[in-house]
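Asker: If you're matching positions, the sequence shown starts at 1216 in the working numbering and goes up one per residue.
Beta carbons are placed, not taken as given, at the ideal position from N, Cα and C, and that holds for glycine.
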Amino acid sequence: MMEETVFVKGVLKMTLSFEQGPIRPPSEAYSLLLRLTRNCPWNKCAFCRTYKGKSFSRRSVEEVKEDIDRVVEVSRLVGEVSQRQGYGGEVNGEVLAKIYESGQSQFYHVAFWLYHGGRTAFLQDANSLIMKTEDLLEIINYLKKRLPTVERITSYARSITLLRKEIGELAELGRAGLSRIHVGLESGSDEVLKFIDKGVTSLQHIDAGRRVKEAGISLSEYVILGMGGQRWAREHPLDTARVLNAINPDFIRLRSLTVVKGTPLHEKMVQGEFIEQSEEDVVRGEKLLIESLRDIQSSIVSDHSLNLLEEVKGKLPVDKSGMLAVIDRFLELTGRDKENFILGKRWGMYRVLDDMADSSRHARVQEAVDRLSRQGSFLDTISSLKNQII
1216 MMEETVFVKG
1226 VLKMTLSFEQ
1236 GPIRPPSEAY
1246 SLLLRLTRNC
1256 PWNKCAFCRT
1266 YKGKSFSRRS
1276 VEEVKEDIDR
1286 VVEVSRLVGE
1296 VSQRQGYGGE
1306 VNGEVLAKIY
1316 ESGQSQFYHV
1326 AFWLYHGGRT
1336 AFLQDANSLI
1346 MKTEDLLEII
1356 NYLKKRLPTV
1366 ERITSYARSI
1376 TLLRKEIGEL
1386 AELGRAGLSR
1396 IHVGLESGSD
1406 EVLKFIDKGV
1416 TSLQHIDAGR
1426 RVKEAGISLS
1436 EYVILGMGGQ
1446 RWAREHPLDT
1456 ARVLNAINPD
1466 FIRLRSLTVV
1476 KGTPLHEKMV
1486 QGEFIEQSEE
1496 DVVRGEKLLI
1506 ESLRDIQSSI
1516 VSDHSLNLLE
1526 EVKGKLPVDK
1536 SGMLAVIDRF
1546 LELTGRDKEN
1556 FILGKRWGMY
1566 RVLDDMADSS
1576 RHARVQEAVD
1586 RLSRQGSFLD
1596 TISSLKNQII
């Protein structure tokens, strides 16, 4: 099964490989990526283009086990590179740089994972919980046996899929090592969910989330700011808060809508069925959402650069006032300074509001704002910059 590997001047050359999918949550940046399923079994969400034109399939247990075996072998080879570099098997920055130079992405992926402790693994693709529970258990048990440093195993799942599993099944997966499940809530508004063809209702989201919590597994629910557009500007945040209040997830992860060409939502926008909110109105919706979260202990996480206010994060209820203060600080800016921050953030010149205090950066961004405004291309530029992040 293992293919030949050779070293040339201390740099590994190999053809050994294992299968990986295209995406993972930002919070799994340091995780080993193992592909259990290919693409998405639903693949109809109007805002998503990740798996459009691709068919869904389940990989066999044996295929996944073979990939785990390959990761074990690559891990051994990473250690051998370290030994040859004189570091005694330690995966440090110098070893990581040497492996990066080889230009072999999967070899580097495993080295990067080991460099960060080799403690977490993420099961790909979009809905790995669709596999039979006994198959998932066999894979998780094998993963922990072959890679004993792994302490946390996570996966995406659709609410509909979770409803097809008994709470006992989920609890068994949790005991085996499935630590966290990531669910795309997107919205709690039934009208919005139907419009974006999410294939689930708000009640089903609530039931599924509660099942995960009852099974003792950590739950991350993803919310897309601005998903209601202008039509459901209030319903989207208010109903989303209602659903989150009913679930009390461990994490509420904020994302901001960007309408991407090639998606059904873009077609709806072109046809006038969907009108995007302005950046400021998206922030007002974010404020309404957080104000409406009550009697829960979730952590709000803004771990994506598409979010205008990445510094809106904290633990409920203790940090709620601080998060709202950040939002109010933006909303209280003058119109000119709002435009300055929006462009600076989308341009990569700013990360947080305090970055505007740098006079040289502020002046450079303002010059660009004024130029784009004269040309009538400010909003188009913002849209283009956001699309580059996707």
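1) In whole angstroms, what is the alpha-carbon distance linking Arg1373 and Asn1342?
2) Quick check on the DSSP output: what are the complete beta strand (DSSP E) runs of length 3 or more inside the region 1464-1544, in order along the chain?
3) Cα-Cα, which of Thr1376, Ser1404, Ile1411, Lys1409 is closest to His1189?
4) Closer than 6 angstroms: is that where the CB of Ile1238 sits relative to any heavy atom of the ligand COA?
5) So what's Phe1556 in DSSP terms, helix, strand or just coil?
6) Which two residues bound the contiguous beta strand (DSSP E) that contains Val1398?
7) Does DSSP put Glu1234 in a helix, in a strand, or in coil?
8) According to DSSP, is His1331 helix, strand or coil?
9) Buried or exposed for Ser1536, please, with buried defined as at least 16 other CB atoms from any protein chain shown within 10 angstroms of its CB.
10) Using 8 angstroms as the cut-off, can you tell me whether the region 1425-1444 makes contact with the region 1282-1289, which would need three or more C-beta pairs spanning the two stretches below that distance?
11) Taking Cβ to Cβ, would you say Leu1247 is nearer than 7 angstroms to Ala1391?
12) Where do the ends of the beta strand (DSSP E) carrying Leu1434 lie?
13) According to DSSP, simplified to helix, strand and coil, what is Ile1368?
14) Output the residue ranges of the alpha helix (DSSP H) runs that lie fully inside the region 1562-1594 and measure 4 residues or longer, sorted by chain position.
15) Once the 5 residues before and after Asp1405 are set aside, which same chain residues still bring their CB inside 7 angstroms of it?
16) Could you spell out where the alpha helix (DSSP H) holding Leu1352 opens and where it closes?
17) Tell me the start and end of each unbroken beta strand (DSSP E) in the region 1272-1348 that is at least 3 residues and wholly inside, in chain order.
18) Return helix, strand or coil for Glu1219, following the three-state DSSP convention.
19) Which value, in whole angstroms, describes the spacing of the CA atoms of Ser1317 and Ala1326?
20) Let's see if you can read the secondary structure: which residues bound the alpha helix (DSSP H) around Arg1264?
21) Let me know if Pro1363 comes out buried or exposed under the rule of 16 or more other beta-carbons within 10 Å of its beta-carbon.
22) Where Arg1250 and Phe1233 are concerned, what is the direct C-alpha to C-alpha distance, given to the nearest angstrom?
23) Using a 10 Å radius around the Cβ and a threshold of 16 neighbouring Cβ atoms, would you call Ser1370 buried or exposed?
24) Going by DSSP, which residues form a beta bridge with Leu1248?
Answerer: Quick look at the numbers:
1) 6 angstroms
2) 1466-1471, 1514-1516
3) Because residue 1189 is not part of the residues shown, which for the chain are 1216 to 1605, the question remains open.
4) For the ligand COA, the structure offers nothing, since it holds no ligand at all.
5) helix
6) 1393-1401 is the span of the beta strand (DSSP E), which, as asked, contains Val1398.
7) coil
8) coil
9) Flag for Ser1536 reads exposed.
10) no
11) no
12) Its beta strand (DSSP E) spans residues 1433-1440.
13) strand
14) Counting only runs of 4 or more, we get 1574-1590.
15) Excluding sequence neighbours, Asp1405 sits near Thr1416, Ser1417.
16) Where Leu1352 is concerned, the enclosing alpha helix (DSSP H) stretches over 1348-1361.
17) 1335-1339
18) Its pLDDT being 45, under 50, Glu1219 is placed unreliably by the model, and the measurement read from it follows with that caveat. Coil at Glu1219, not helix or strand.
19) 12 angstroms
20) Here Arg1264 belongs to no alpha helix (DSSP H), and DSSP marks it neither H nor E.
21) Answer is exposed; the Cβ neighbour count stays below 16.
22) 9 angstroms
23) buried
24) Phe1337
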